[in-house]
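Going by our numbering, the first sequence opens with residue 420, and the numbers climb by one from there.
What follows is a set of notes on a single structure, which appears directly below.
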Amino acid sequence: MKRTEIKDLFLFPSQFDSQEITVCGWAKSIRDHKTTAFIHLTDGSCHSPLQVVFTSELQNYADVASQNVGAAFIVKGTFKLTPDAKQPFEVEASEITIEGSSSPDYPLQKKHHSLEFLRTIPHLRTRTNTLSATFRVRSVTAYAIHKFFNEHGFVYAHTPIITTSDCEGAGEMFRVTTLDPVKPPLTESGDPDYSKDFFGKPTSLTVSGQLEAEVMALTFGKVYTFGPTFRAEQSFTARHASEFWMIEPEIAFAELQDDMDLARDMIKFVLQYVMEQCPQEMAFFNDMYDKELIQRINSVIESDFAKVTYTEAIEILEKVKDKFQYPVFWGADLQTEHERYLTEQVFKKPLFVINYPKELKAFYMRLNDDGKTVAAMDLLVPAVGEIIGGSQREERADVLEQRIRECGLNVEDYEWYLDLRRFGGTHHAGFGLGFERLIMYMTSMANIRDVIPFPRTPNNALL
RNA sequence: UCCUCGAUAGCUCAACGGCAGAGCGGGCGGCUGUUAACCGCUAGGUUCCCGGUUCGAAUCCAGGUCGAGGAGCCA
C-alpha cells in the first residue's frame, strides 16, 4: 500500500494540493454531526494531527463516526488546503477503512492527564502529545549526537555492558550472575563461589565505559561511546534512573580546555539540530510547559558558556552563604543548592566549574600543579543541574599509581590501565554526558521518568 | 537510607466531624464545518489497607502499603 506520511503533508503542503492520497493513523479525536464528521488523525511521523473530513455520503459513515478515540484508520481522499480555517489543510475522505477499533475503555481521553498517571500505562502513554513529542526529540537528539561526532572524525566505540571492574566506584552495581540465587555453590569460607559463575568471576552491569573508552582513545585518537549505563542506587529524585544512556567522548593529546570546548560545541550542535528538525515539538513544549524554553535554547546556541574554578565558585558562594542550608568552605563539595544558585542566579546560563579539590574526585583525574586540585569539570545547566562530568586524565604513570593507592584501590586491578601510560601514554581527556538530562533540558520535562520510554527506577520496572 | 507531602468515580479534583460532589471521559438523544466542538438526559463509589477515638469518620489518632518531591549518590 502506498501511503503518505502526515509529516510530508506539513513539510510540502502545496505539492499535495487537490491530490488523491492515502493516509494511515490513529484517531486523537472524532467529532460527528448529522451529516458531517471530523477525525484528528496522527500517524506518529510528526507532532501535529491531520484533520480528516467525511460526510454521510460515506456508506459506513455511522460506523466510522461512532468509533472511539485511539482507533486505527486507513483514509483515502483528496488533500485540500484550507487557508481560512484553524487547520492549514485537511483531507476530504472518499473511503475510510476501520483498521482497528478502539473501545470506550481507552484510558487516554481528550483531556489533560497527569504525567504521573501516564507513567502507570507505559504501553499507551507514548501516544500522547507530550510523550510522543519527547520521544521524537529523543530520537532526533540521538541522531544529532552521532552526526556531530561522525562529522568531527570520532570513532564510535562499543564498550562492554557486562563488566568485571567497578570502574571508578561510580555507584552501586547490578550483579550479573547465572548462579542459583537460592543455593549458590559456596567456597570453603561460606561465600558464593564465583569461580563457578558464568565468567568464572563476579560480573556486573557497567556504571561507565570510560576506562575502556580510554583504551580506544589511545588507539583512534578521538572516540565516543553512546550506550546504556546502570546504577543500583536507591535514588528517588526526578533526575536519577537505574538504567540510563550516557555519551562518553574521550580524546587523546587533549587538555581540560579542549574537553570543555568539545562539550560546548557538541551541546550547541545538538540544540541547533533539534531546533531545526523538531520545530513543532519545540513549539509545543514552549507553549505547554515553559514559555521561555525556545528563547533560552536559542541564547545557549548563540552565547558562550560560563566558566569558574572551584576556588572562585567558593569565593562567590561565601559572600551569600547565609542563603544556604549547607556550609560553604574550600574543600566542601558543592551541594545541589550551591550549583543551582551558581547556574541559575549568578551566571544564568550553562556553567563549567573546574579544578576541584582532589579529595572530591576520582583517582584518574589529572593532578594539577598546585598538588591540591585536579583537572575536573562539571557542566551545570539551570533547572537540571549537573549534565556533564569530565576531566583531563592522569597520564603520568607514577602519579596515577600513587593516586590509586591513596584512594585505597588495588594496583593489580589497574595494571592494564597503567599500561596505557607506560606504552605511548599521552595527556587525554573526556567526559560523560547524561543523555536523559540533555533531553530534559531541551524539552523542559521535569522528570527523567518521562524522557525514557520504559523507565527503570527503584521499585519500578513496568513492562 | 533520611526529611516532607499525598492517596476520594475511568481521569483531574472538591467536600476537612454531620445525606460523597463537580468538570472531563462513558452511554443515549440532538445539532450542516467541528478544532480537547457544543446542548440535553443518564449510569458510575470498599473515599488505599488495618485498628482506634466519636452518637456519627473521606475528614481526627496509631500502624502499614503505594506514590510524588527534596537530600545524599551522580549522568
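Glycine is no exception: its CB is placed at the ideal position from the N, C-alpha and C atoms.
These numbers were taken from a predicted model, which means no experiment stands behind them.
Cβ pair residue i, residue j closer than 9 Å
i	j	result
His847	Ala671	yes
Gly809	Gly849	yes
Thr578	Glu667	yes
Phe457	Phe435	no
Arg555	Cys443	no
Arg557	Val870	yes
Thr596	Asp616	yes
Ile716	Met701	yes
Pro874	Pro541	yes
Val559	Tyr692	yes
Arg856	Val803	yes
Phe498	Leu428	yes
Lys453	Ser437	no
Thr648	Met635	no
Gln478	Ile517	no
Phe618	Ile580	no
Tyr760	Lys742	yes
Gln699	Ala552	yes
Span of the beta strand (DSSP E), counted from its first residue to its last, around residue i
i	result
Met864	First-last for Met864: undefined, no H or E at that position.
Pro698	Here Pro698 belongs to no beta strand (DSSP E); instead the alpha helix (DSSP H) covers 698-707.
Phe850	847-853
Val494	491-500
Ala795	792-800
Tyr775	770-776
Val483	Careful: Val483 lies outside any beta strand (DSSP E), inside the alpha helix (DSSP H) at 480-484.
Val870	Neither: Val870 is in no beta strand (DSSP E) and is coded neither H nor E.
Ala673	Careful: Ala673 lies outside any beta strand (DSSP E) and carries neither H nor E.
Ala446	439-451
Phe473	469-474
Range covered by the alpha helix (DSSP H) that runs through residue i
i	result
His565	548-570
Phe536	534-538
Thr638	629-639
Thr462	Checking the sequence shown, residue 462 turns out to be Asp, not Thr. Run containing Asp462: none; DSSP gives neither H nor E here.
Ala732	729-738
Tyr836	834-841
Ser718	712-721
Gln821	816-825
Lys426	425-430
Thr755	755-759
Pro541	541-544
Residue i versus the options, residue with shortest Cα-Cα distance
i	options	result
Ser521	Phe688, Ile449, Phe724	Ile449
Asn548	Gly851, Ile440, Asp706, Asp451	Asp706
Ile686	Phe435, Leu460, Phe457, Met861	Met861
Phe492	Phe498, Gln811, Val870, Val471	Val471
Glu674	Ala781, Ser654, Leu786	Leu786
His459	Ala446, Cys465, Gln478, Lys453	Ala446
Pro872	Ser863, Asn878, Leu882	Leu882
Arg812	Thr441, Thr845, Ile867	Thr845
Ala682	Thr553, Val693, Leu799	Leu799
Lys620	Pro603, Thr583, Gly463, Ser437	Thr583
Met796	Phe842, Ser863, Ala781, Tyr613	Ala781
Pro776	Tyr692, Val765, Phe766, Asp788	Asp788
Glu814	Val483, Gln486, Tyr836	Tyr836
Pro523	Leu543, Gly628, Ala490	Ala490
Glu825	Met784, Thr606, Pro432, Met694	Met784
Met864	Leu736, Asn879, Lys710	Lys710
Phe766	Leu637, Ile735, Arg546	Ile735
Leu550	Tyr708, Arg841, Val510, Gln676	Tyr708
Asn461	Val689, Thr545, Tyr729	Before going further, note that residue 461 is Thr rather than Asn in the sequence given. The candidate whose alpha carbon is nearest that of Thr461 is Thr545.
Ala660	Lys738, Glu424, Pro432, Ala880	Ala880
Pro801	Asp599, Glu424, Glu758	Glu758
Expected contact under 8 Å - CB spacing of residue i and residue j to nearest Å
i	j	result
Leu630	Phe593	About 18 Å; that fails the 8 Å criterion.
Ala657	Ile867	6 Å
Glu756	Gln744	6 Å
Thr455	Lys495	Between Lys495 and Thr455 the Cβ distance is about 18 Å, and since that is not below 8 Å, they are no contact.
Phe655	Pro877	7 Å
Glu591	Glu652	5 Å
Residue i: CB within 8 Å of a non-hydrogen atom of the ligand GDP
i	result
Leu839	Among the components of this structure there are no ligands whatsoever, and the ligand GDP is therefore not found.
Would you be able to state if there are at least three C-beta pairs under 8 Å between the segment 498-511 and the segment 535-545? no
Quick one: any contact between the segment 634-642 and the segment 558-574, if contact means 3 or more CB pairs under 8 Å? yes
Decide if the segment 766-777 is in contact with the segment 719-733; the criterion is three or more beta carbon pairs, one per stretch, under 8 Å apart. yes
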